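Engineer:
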Amino acid sequence: MVLVGIVDFSLMMYDKAALVTAARLAARAGAVVSVPALTRTQIAAVATANANGSRISGGASSTPSVTVTQANGTTSGSALTVQISYTYNGLILGSTLSALTGPLVLNATAVMNYE
165 MVLVGIVDFS
175 LMMYDKAALV
185 TAARLAARAG
195 AVVSVPALTR
205 TQIAAVATAN
215 ANGSRISGGA
225 SSTPSVTVTQ
235 ANGTTSGSAL
245 TVQISYTYNG
255 LILGSTLSAL
265 TGPLVLNATA
275 VMNYE
């Protein structure tokens with residue numbers, strides 16, 4: 165049982181790292197100079213694609229929720245924030261903790277300035 169818990173916790177930490185990477189890649193894709201600039205929907209699609217392609221799901225998989233915020237539009241130097249939330253459904257840890265404390269939600273945020 166302890167071994168299963170260790171494996172499940174490791175999968176959760178891997179998924180957290182995958183979400184952080186997906187948020188960072190999406191923020192970078194949106195912040196670089198491109199003509200035309202990527203829209204919020206396109207930036208969210210980059211984040212979702214990277215998150216879905218990188219996660220390891222031990223149980224039923226949920227879709228990540230992505231929020232893209234542009235502080236002052238796409239002007240140079242303004243901030244672009246990408247936030248990703250994902251409900252972790254692991255082998256045992258996710259469902260056990262969900263029963264005790266509610267859903268286990270992993271969050272990741274990346275902020276980059278427009279070039």
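If you want the working numbering, it's the 1-based position in the sequence shown plus 164.
We put the CB at the ideal spot given by N, CA and C, even for glycine.
Since the model is a prediction, treat every value here as computed from it, not as a measurement.
#1: Which whole-angstrom value describes the C-beta separation of S240 and E279, a residue pair presumed to lie in contact below a C-beta threshold of 8 Å?
#2: May I have a chain-ordered list of the alpha helix (DSSP H) segments no shorter than 4 residues that lie completely inside the stretch 166 to 210?
#3: Tell me the residue span of the beta strand (DSSP E) that contains G237.
#4: Helix, strand or coil, according to DSSP, for L270 in the structure here?
#5: Go ahead and label G254 buried or exposed: buried means 16 or more other beta carbons lie within 10 angstroms of its beta carbon, across all protein chains shown.
#6: How far does the beta strand (DSSP E) with S242 in it reach, from first residue to last?
#7: Am I right that A272 and A187 are in contact with their C-beta atoms under 8 Å? What's the rounded C-beta distance?
#8: Please classify S249: does DSSP put it in a helix, a strand, or coil?
#9: Going by DSSP, what residues sit across from N277 in a beta bridge?
Structural biologist: Walking through what the data contain:
#1: In this structure S240 is in contact with E279, their Cβ atoms being roughly 6 Å apart against a cut-off of 8 Å.
#2: 166 to 195
#3: 229 to 238
#4: strand
#5: Residue environment analysis places G254 among the buried positions, since at least 16 neighbouring C-beta atoms fall within 10 angstroms of its C-beta.
#6: From DSSP, S242 is part of no beta strand (DSSP E); its letter is neither H nor E.
#7: About 4 Å; that satisfies the 8 Å criterion.
#8: strand
#9: Partner(s): A243.
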